[in-house]
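First up is the structure itself, then whatever we jot down about it.
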């Protein structure tokens, strides 16, 4: 997923995705520079007319780190294609509710409460798929004006999704619960847990810190705000090392036609300014 796609979909890209996006573009440029004759296309040339490499016209050698990124993209596409039909069409509900009387809305609220209870029972029995169905039915039934009840339904549904390790979906439900009730501590807790399970440590830390604003004595939040910063720092160092390694490989590919490599350039840190300078050596 590119950064532009992430922005348009409302999904925050991870640090790993940003690194892979940057290095992927750089690698494409580097390949073009190293083998320009393989990428020259005359005007009017169709895809079928393009020459293939001798020996194997279908196989393309892809570095492991690029292949891994492709696998990830395919997985994301698959998840989108198989997206559950539990999204709530609030615009449709709002339009339908225009024809309801206050008594009918009150009746629907009661039915939604019964569906929530049914979802809770299914959850206790370990039937998480059924509990999701019941919470979803409750959300479709409950009039939009009853925001607190709808917030609880979203939060309960997130708990069932967490049990099924559907952490991304759980985050969405928690976020919706918080949108309806921005002081709903349980929704923040579950979202923080889902974020951490998805390796989104920065977001998890932010939610735990928010919980401490509501309840400074919250034990789990206090522990998490101490535990997560070192993990975030360790991850960032790992990502930095990984990115430098990828950039070094790309640099060697670019410099190879000139008889040079990244070994000809030494990166040194100034102990006082903490800045870096590059020294060239033969």
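In UniProt numbering, the protein residues as written are 1 to 282. Backbone N, C-alpha and C fix where the C-beta goes; we use that ideal spot for every residue, glycine too.
With 16 as the cutoff for other CB atoms within 10 Å, does residue i come out buried or exposed?
i, result
"residue 285", "Given that the chain is displayed from residue 1 to residue 282, the structure contains no residue 285 and the question cannot be resolved."
"residue 213", "exposed"
"residue 36", "Because the pLDDT of residue 36 is 40, which lies under 50, any placement of that residue in the model is unreliable, and the question is left without a value."
"residue 244", "exposed"
"residue 103", "exposed"
"residue 119", "buried"
"residue 173", "buried"
"residue 269", "exposed"
"residue 232", "exposed"
"residue 180", "buried"
"residue 45", "Model confidence at residue 45 stands at a pLDDT of 42, short of 50, so the residue's coordinates are unreliable and nothing is read from them."
"residue 166", "buried"
"residue 258", "exposed"
"residue 246", "buried"
"residue 200", "buried"
"residue 169", "buried"
"residue 121", "exposed"
Which residue's Cα is closest to the Cα of residue i: the options?
i, options, result
"residue 100", "141, 225, 199", "141"
"residue 263", "273, 272, 251", "251"
"residue 278", "271, 266, 183", "266"
"residue 176", "260, 139, 237, 228", "139"
"residue 225", "273, 179, 189", "189"
"residue 137", "110, 125, 260, 197", "110"
"residue 186", "163, 151, 249", "151"
"residue 108", "144, 234, 272", "144"
"residue 135", "236, 88, 201", "88"
"residue 202", "257, 248, 230", "230"
"residue 126", "222, 182, 164, 168", "164"
"residue 178", "238, 218, 207", "207"
"residue 86", "123, 121, 130", "130"
"residue 90", "256, 146, 124", "146"
On the DSSP letters alone, give me the boundaries of the alpha helix (DSSP H) that residue i sits inside.
i, result
"residue 221", "219-255"
"residue 193", "185-197"
"residue 101", "That residue, residue 101, is in no alpha helix (DSSP H); it is neither H nor E in DSSP."
"residue 155", "147-163"
"residue 174", "167-180"
"residue 138", "128-141"
"residue 201", "201-214"
Between residue i and residue j, how many whole angstroms is the CB-CB distance? I'm expecting something under 8 Å.
i, j, result
"residue 105", "residue 97", "7 Å"
"residue 228", "residue 197", "No, residue 228 and residue 197 are not in contact; Cβ-Cβ is about 13 Å, not under 8 Å."
"residue 193", "residue 162", "7 Å"
Return yes when the Cβ of residue j is within less than 8 Å of the Cβ of residue i, no when it is not.
i, j, result
"residue 191", "residue 171", "yes"
"residue 155", "residue 195", "no"
"residue 132", "residue 95", "no"
"residue 116", "residue 153", "yes"
"residue 112", "residue 148", "no"
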